[in-house]
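> First the structure, which I've put down as structure tokens, then a few questions once you've had a look.
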Amino acid sequence: IAGITQAPTSQILAAGRRMTLRCTQDMRHNAMYWYRQDLGLGLRLIHYSNTAGTTGKGEVPDGYSVSRANTDDFPLTLASAVPSQTSVYFCASSEAGGPDTQYFGPGTRLTVL
Amino acid sequence: GQNIDQPTEMTATEGAIVQINCTYQTSGFNGLFWYQQHAGEAPTFLSYNVLDGLEEKGRFSSFLSRSKGYSYLLLKELQMKDSASYLCAVRDGDYKLSFGAGTTVTVRA
């Protein structure tokens, strides 16, 4: 593994189903983030974690939950998917201190029907 | 909340220069970032400004004026591979990034 990986690459999901998007980083970054990207709206922060064991809500957290059991993994769960959650989801990580630049995973394209 | 504005689209010719402007209003300021995003791919980091002035990195330069809430990304000697979306992002007082909607740059031969 090099950098950040996300799985699955894409998924079509029936409304009402539960779905977990996976994110793993091997850079030992303290902070991790989940964004969704929709046409014309740019990237919007869903949830974040400044360090293992802590999480926080971003701009659009409703309908999503996260956990941060260890440094490397930051899964995003949709408890009961709705069509408005159709989007491209990006996971990112950053090392606290300095410019704290965020580096992004390849994304998951999710379609909820 | 954050308000970040950048043009939706720009078109330029190969070899030319293009300047992408970004204006912002944020609660607190802890740096401004520019990312490049090719279609269907992840954003990749281009530049970071936290102090006023110009940061140059090869063909790309980024400028910041904190008093004016203004930044620009300058792309010189445009190449076809520079066709992409360019995202302006501001880090606020809580160290969270807010992104503009992005500027799609099309480079024509």
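Which chain is which? The protein sequence lines are A and B, in order. For what it's worth, the numbering used here labels the leading residue of the first sequence as 3, then goes sequentially. For what it's worth, the numbering used here labels the leading residue of the second sequence as 69, then goes sequentially. Each residue gets a CB set at the ideal place from its N, CA and C atoms; glycine is no exception. Please read these numbers as outputs of a predicted model, since none were measured by experiment.
1) For residue 88/A, which residues of its own chain have a beta-carbon under 7 Å away from its beta-carbon, when the five flanking residues on both sides are left out?
2) Cβ of residue 25/A within 8 Å of Cβ of residue 107/A?
3) In this structure, does DSSP put residue 64/A in helix, strand or coil?
4) Work out the CA separation of residue 172/B and residue 106/B for me, nearest whole Å.
5) Can you list, in chain order, the residues of its chain whose CB lies under 6 Å from that of residue 12/A, leaving out five sequence neighbours each side?
6) Interface residues of chain E around residue 152/B at Cβ under 9 Å?
7) By the three-class DSSP mapping on this structure, what secondary structure does residue 70/B have?
8) Roughly how many angstroms lie between the CA atoms of residue 16/A and residue 138/B, to the nearest whole one?
9) Considering only C-alpha positions, which residue in the set 166/B, 150/B and 76/B is nearest to residue 99/B?
10) So the beta strand (DSSP E) residue 49/A belongs to, where does it begin and stop?
11) Under DSSP, the beta strand (DSSP E) around residue 78/B begins and ends at which residues?
12) Note down, in chain order, each residue of its chain lying with its Cβ closer than 7 Å to the Cβ of residue 87/B, except the 5 sequence neighbours on either side.
13) Label residue 30/A either buried or exposed according to how many other C-beta atoms from any shown protein chain fall within 10 Å of its C-beta, with 16 as the threshold for buried.
14) Count the other C-beta atoms from every protein chain shown that fall within 10 angstroms of the C-beta of residue 85/B, then say buried if there are 16 or more, exposed otherwise.
15) Please list, in chain order, the residues of the region 75–91 of chain A that have any C-beta partner in chain B closer than 7 Å.
16) Report buried or exposed for residue 84/A, applying the criterion of at least 16 other Cβ atoms within 10 angstroms of its Cβ.
17) Within the same chain, show all residues whose beta-carbon is closer than 7 Å to that of residue 78/B, passing over the 5 residues directly before and after it, in chain order.
18) Within 10 Å of its beta-carbon, does residue 32/B have 16 or more other beta-carbons around it, so buried, or fewer, so exposed?
19) Check whether the Cβ of residue 64/A lies closer than 8 Å to any Cβ atom in chain B.
20) Drop a sphere of 10 angstroms on the beta-carbon of residue 23/A, count the other beta-carbons inside from all chains shown, and report buried for 16 or more, exposed for fewer.
Inspection of the coordinates gives the following:
1) Counting from one through the first sequence, the residue named residue 88/A turns up at place 86. Excluding sequence neighbours, residue 88/A sits near 112, 113 and 114.
2) Reading the first sequence from its first residue, position 23 is the one you call residue 25/A. Reading the first sequence from its first residue, position 105 is the one you call residue 107/A. Cβ atoms of residue 25/A and residue 107/A: closer than 8 Å.
3) Mapped onto the first sequence, residue 64/A falls at position 62. Correct three-state label for residue 64/A: coil.
4) By one-based count along the second sequence, residue 106/B stands at place 38. By one-based count along the second sequence, residue 172/B stands at place 104. C-alpha separation (whole angstroms): 9 Å.
5) The count along the first sequence starts at 1 and reaches residue 12/A at position 10. Answer for residue 12/A: 111, listed in chain order.
6) Looking for chain E here will not work: the only protein chains present are A and B.
7) In the second sequence, residue 70/B corresponds to position 2, counting from 1. Here residue 70/B sits in coil by DSSP.
8) In the first sequence, residue 16/A corresponds to position 14, counting from 1. In the second sequence, residue 138/B corresponds to position 70, counting from 1. Near 43 Å, if we compare the C-alpha coordinates of residue 138/B and residue 16/A.
9) Residue 99/B sits at position 31 when you count from the first residue of the second sequence. Selected option, being the one with the closest Cα: 166/B.
10) Position 47 of the first sequence, counted from the first residue, corresponds to residue 49/A. Start and end: 44–51.
11) Here residue 78/B is taken as the residue at index 10 of the second sequence, counted from 1. First-last of the beta strand (DSSP E) with residue 78/B: 77–81.
12) Counting from one through the second sequence, the residue named residue 87/B turns up at place 19. Excluding positions up to five away in sequence, the list reads 140 and 142.
13) Sequence index remark: in the first sequence, residue 30/A carries index 28 (1-based). Per the 10 Å Cβ criterion, exposed.
14) As a first step, residue 85/B must be located in the second sequence, where it is residue number 17. Result: exposed.
15) none
16) Against the first sequence, residue 84/A aligns to sequence position 82. Under the 10 Å beta carbon count, residue 84/A is surrounded by fewer than 16 other beta carbons and is classified as exposed.
17) The count along the second sequence starts at 1 and reaches residue 78/B at position 10. Cβ contact annotation for residue 78/B (same chain, cutoff 7 Å, sequence separation greater than five): 86, 88, 171 and 173, in chain order.
18) Here chain B has residues from 69 to 177 only, and residue 32/B is not among them.
19) Here residue 64/A refers to the residue found at position 62 when the first sequence is read from its first residue. No, because no Cβ of chain B sits closer than 8 Å to the Cβ of residue 64/A.
20) In the first sequence, counting from the first residue as 1, residue 23/A sits at position 21. With 16 or more Cβ atoms within 10 Å of its Cβ, residue 23/A is classed as buried.
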